[in-house]
């Protein structure tokens with residue numbers, strides 16, 4: 064695994080773990096409804112993420128083969144997006160809004176799963192994130208094997224992040240610790256976003 068690819072996977076993990084509609088839904092549901100409900104909404108979100116990942120892999124691969132310049136455009140957009148996330152994470156670190164204010168999903172486990180799925184199918188962050196990652200990681204001349212391996216690597220990281228959230232936020236001791244150290248985590252997110260964004264903007268991937 065190259066240094067650039069490893070850094071992008073870290074950025075992908077940090078992006079998925081940073082506060083947003085998906086992570087707040089998982090955290091709020093796990094805290095209020097318990098581990099099973101948290102895992103159910105996480106499963107829906109992971110399936111929604113996989114849908115956009117497959118769509119990005121199929122669509123962007125074809126587009127980039129015909130238009131290599133799209134790689135450069137999306138590379139710059141992706142880097143700028145990571146810097147924007149760095150700004151948002153730092154802003155959140157300076158605010159007084161805790162993750163515990165997230166609203167839990169209601170209904171039985173099936174309904175919670177569907178709500179998680181619909182949440183991520185309509186989440187612009189997921190749509191743009193997959194497109195940007197494929198544009199940055201996969202060169203226009205990449206073989207289908209590279210496209211598949213990239214998708215599997217990214218969706219594996221998403222599984223760890225989202226299901227990890229469900230497990231961790233169903234534990235009272237973790238929630239109390241997170242709330243005490245929330246600003247430390249968010250400053251760390253900001254620094255990692257910033258480093259990944261600058262790396263993408265200053266490194267030409269071939």
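Residue numbers (the numbering used here): 64 to 269. Backbone N, C-alpha and C define an ideal beta-carbon position, used for all residues, glycine too. All values derive from a computational prediction rather than experimental measurement.
Q.
Can you confirm whether the region 73 to 80 touches the region 224 to 241 when touching is taken to mean that 3 or more C-beta pairs between the two stretches lie within less than 8 Å?
A. Flag = yes, the region 224 to 241 and the region 73 to 80 touch.
Q: Any chance you could list the alpha helix (DSSP H) runs of at least 4 consecutive residues sitting entirely within the region 177 to 215, in chain order?
A: 187 to 200
Q | Nearest to residue 181 (by Cα), restricted to the options 117, 239, 112 and 71 | A | In the chain shown, counting from the first residue as 1, residue 181 sits at position 118. It is 112 whose Cα lies nearest to the Cα of residue 181.
Q.
Quick check on DSSP: helix, strand or coil for residue 82?
A. Position 19 of the chain shown, counting from 1, holds the residue named residue 82. Residue 82 sits in coil when the DSSP states are folded into three classes, being neither helix nor strand.
Q.
Determine whether the beta carbon atoms of residue 142 and residue 264 lie at a separation below 8 Å.
A. Indexing the chain shown from 1 puts residue 142 at position 79. Indexing the chain shown from 1 puts residue 264 at position 201. Result yes, Cβ atoms of residue 142 and residue 264 sit closer than 8 Å.
(Q) Applying the 10 Å Cβ sphere with the 16-neighbour rule, what's the burial state of residue 66? (A) Here residue 66 refers to the residue found at position 3 when the chain shown is read from its first residue. Looking at its Cβ environment, which holds fewer than 16 other Cβ atoms inside 10 Å, residue 66 is exposed.
Q) Is residue 232 near residue 119, with beta carbons less than 8 Å apart? A) Counting from one through the chain shown, the residue named residue 232 turns up at place 169. Counting from one through the chain shown, the residue named residue 119 turns up at place 56. No, the Cβ-Cβ distance between residue 232 and residue 119 is not below 8 Å.
(Q) Among 243, 228, 70 and 85, whose alpha-carbon lies nearest the alpha-carbon of residue 184? (A) To locate residue 184, count along the chain shown from 1; it is residue 121. Of the candidates 243, 228, 70 and 85, the one whose C-alpha sits nearest the C-alpha of residue 184 is 85.
Q: Could you spell out the range, first to last residue, of the alpha helix (DSSP H) harbouring residue 97?
A: If you number the chain shown from 1, residue 97 lands on position 34. Annotation: residue 97 is outside any alpha helix (DSSP H) and is labelled neither H nor E by DSSP.
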